[in-house]
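J.: Okay, so the sequence shown: first residue is 363 according to our numbering, each after it adds one. Backbone N, C-alpha and C define an ideal beta-carbon position, used for all residues, glycine too. My structure is below; once you've seen it, I'll send some questions.
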Amino acid sequence: MQGGDFIIMLLDLLMYENANVFNLALELLFKTGFRTTAALKHMESVFLVLNSEEQTRISRMREDIVTLTNGFHTFESWGVSDSFSNHDATKFTQMKDICKRLRYMCSAGGVETGDQSVPDETVQRNMMDLGLLRAISAAIGVPIAEFSGEGLSVLKELMKEVCGLLTMFVYENKRNQAAAFKLLTTLRTWFNYGVGMANALAAIFLNN
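Next up, the structure:
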């Protein structure tokens with residue numbers, strides 16, 4: 363019986379002059395009509411239990427990803443020296459270190475051992491959920507063709523770390539590969555700048 367037909371039947375039963383039938387029909391109607399609300403209320407009581415180490419790891423990842431995203435959106439204000447701003451070497455080092463740390467975390471070896479051939483699927487998923495792809499989108503959105511000299515060198519060096527991070531972020535991960543594929547047009551604009559984009563693109567298409 364279709365959901366709509368079932369509700370109509372219950373409404374018909376409400377017309378019967380029988381208290382027991384009325385009460386039963388009313389209860390079923392309520393449960394049918396408000397099952398979504400009940401489910402949502404039940405979900406409100408569900409929470410993810412993380413130990414202190416996991417909480418620290420997730421919080422650090424979130425902070426790093428936000429820093430990366432903001433950093434690339436404001437690259438022109440700190441990445442180059444001109445009449446409006448000065449190159450911020452501290453910010454530059456921070457951005458590179460974050461990319462490297464997140465890249466290491468995407469592999470089974472973690473930060474302690476660095477790059478490994480086996481990805482950490484849980485960390486990859488966490489980073490996707492925390493918005494890493496937005497940070498990468500901000501990075502590849504920086505208009506490299508508009509830079510020269512020091513600014514170009516700084517950007518290229520930083521993008522090498524971004525490409526390394528992207529490679530491990532999507533490595534053997536179907537969900538992340540599919541999401542990164544949507545950025546393909548912009549990713550390809552970096553192909554000839556010697557920043558390792560070929561490896562990142564190969565990882566996106568791996569086993570697909």
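Which residues in the same chain as LEU492 place their Cβ atom closer than 7 Å to its Cβ, once the five residues preceding and following it in sequence are excluded?
T.: Within the sequence shown, numbered from 1, the residue matching residue 492 stands at position 130. Cβ neighbours of LEU492 beyond the five flanking positions: MET423, ARG424 and ILE427.
J.: Output the boundary residues of the alpha helix (DSSP H) element that contains ASN554.
T.: On the sequence shown, residue 554 is found 192 positions in, with the first residue counted as 1. From DSSP, ASN554 is part of no alpha helix (DSSP H); its letter is neither H nor E.
J.: Distance, Cα to Cα, ALA540 vs MET371?
T.: On the sequence shown, residue 540 is found 178 positions in, with the first residue counted as 1. On the sequence shown, residue 371 is found 9 positions in, with the first residue counted as 1. So the two alpha carbons sit approximately 45 Å from each other.
J.: Could you say if the region 434-448 and the region 480-487 meet the contact criterion of at least three C-beta pairs nearer than 8 Å?
T.: With a cut-off of 8 Å, the region 480-487 and the region 434-448 do not count as touching, because too few Cβ pairs lie within range.
J.: Given a threshold of 16 other Cβ atoms within 10 Å of its Cβ, counted over all protein chains shown, does PHE553 qualify as buried or as exposed?
T.: In the sequence shown, counting from the first residue as 1, residue 553 sits at position 191. Classification for PHE553: exposed.
J.: By Cβ distance below 7 Å, which residues in the same chain neighbour PHE543 in space, the five residues on each side in sequence not counted?
T.: Working through the sequence shown from its first residue, we reach residue 543 at position 181. For PHE543, where only same-chain residues beyond five positions count, the Cβ hits under 7 Å are ILE566.
J.: What span of residues does the alpha helix (DSSP H) with LYS522 cover, start to end?
T.: Position 160 of the sequence shown holds residue 522. First-last of the alpha helix (DSSP H) with LYS522: 511-532.
J.: Around the Cβ of GLN486, are there at least 16 other Cβ atoms within 10 angstroms (buried) or fewer (exposed)?
T.: On the sequence shown, position 124 is the one that residue 486 refers to. By the neighbour-count rule (16 or more Cβ atoms within 10 Å), GLN486 is buried.
J.: Can you check DSSP and say which residues form a bridge with PRO481?
T.: Within the sequence shown, the letter at position 119 stands for residue 481. SER469, per the DSSP bridge assignment.
J.: Please state if the CB of LEU464 and the CB of ILE498 are separated by a distance shorter than 7 Å.
T.: In the sequence shown, residue 498 corresponds to position 136, counting from 1. In the sequence shown, residue 464 corresponds to position 102, counting from 1. Not a contact, by the Cβ cut-off of 7 Å.
J.: Would you kindly work out how many angstroms separate the C-alpha atoms of VAL532 and VAL442, rounded to a whole number?
T.: Against the sequence shown, residue 532 aligns to sequence position 170. Against the sequence shown, residue 442 aligns to sequence position 80. Approximately 30 Å between the Cα atoms of the pair.
J.: Would you tell me roughly how many angstroms separate the C-alpha atoms of LEU546 and THR418, rounded to the nearest one?
T.: Stepping through the sequence shown from its first residue, residue 546 is reached at position 184. Stepping through the sequence shown from its first residue, residue 418 is reached at position 56. Approximately 33 Å, taken between the alpha carbons.
J.: Just to confirm, is the Cβ distance from LEU549 to ILE506 under 7 Å?
T.: For this step, residue 549 is matched to residue 187 along the sequence shown. For this step, residue 506 is matched to residue 144 along the sequence shown. Not a contact, by the Cβ cut-off of 7 Å.
J.: Helix, strand or coil, according to DSSP, for LEU492 in the structure here?
T.: Translated into the one-based positions of the sequence shown, residue 492 becomes position 130. In this structure, LEU492 counts as coil in the three-state DSSP scheme.
J.: Taking the Cβ atom as the reference point for each residue, do SER469 and MET530 lie within a distance shorter than 7 Å?
T.: Position 107 of the sequence shown holds residue 469. Position 168 of the sequence shown holds residue 530. Their beta carbons are under 7 Å apart, which means SER469 touches MET530 by this criterion.
J.: Do ILE460 and LEU430 have their CB atoms nearer than 7 Å?
T.: One-based indexing of the sequence shown puts residue 460 at position 98. One-based indexing of the sequence shown puts residue 430 at position 68. Contact flag set, yes.
J.: Give me the Cα-Cα distance between GLU523 and LEU517, rounded to the nearest whole angstrom.
T.: Taking the sequence shown and counting its residues from 1, one reaches residue 523 at position 161. Taking the sequence shown and counting its residues from 1, one reaches residue 517 at position 155. When rounded, the distance between both Cα atoms is 10 Å.
J.: Would you give the residue range spanned by the alpha helix (DSSP H) that PHE437 belongs to?
T.: Looking up residue 437 in the sequence shown gives position 75. Here the alpha helix (DSSP H) through PHE437 covers 437-440.
J.: Give me, in chain order, the residues of the same chain whose beta-carbon lies closer than 6 Å to that of MET521; leave out the 5 immediate sequence neighbours on both sides.
T.: As a first step, residue 521 is located in the sequence shown; it is residue number 159 there, counting from the start. Closer than 6 Å at Cβ, skipping near neighbours: VAL557.
J.: Measure the alpha-carbon distance for MET559 versus TYR466 and round it to whole angstroms.
T.: Numbered from 1 along the sequence shown, position 197 holds the residue referred to as residue 559. Numbered from 1 along the sequence shown, position 104 holds the residue referred to as residue 466. Computed Cα separation, rounded: 18 Å.
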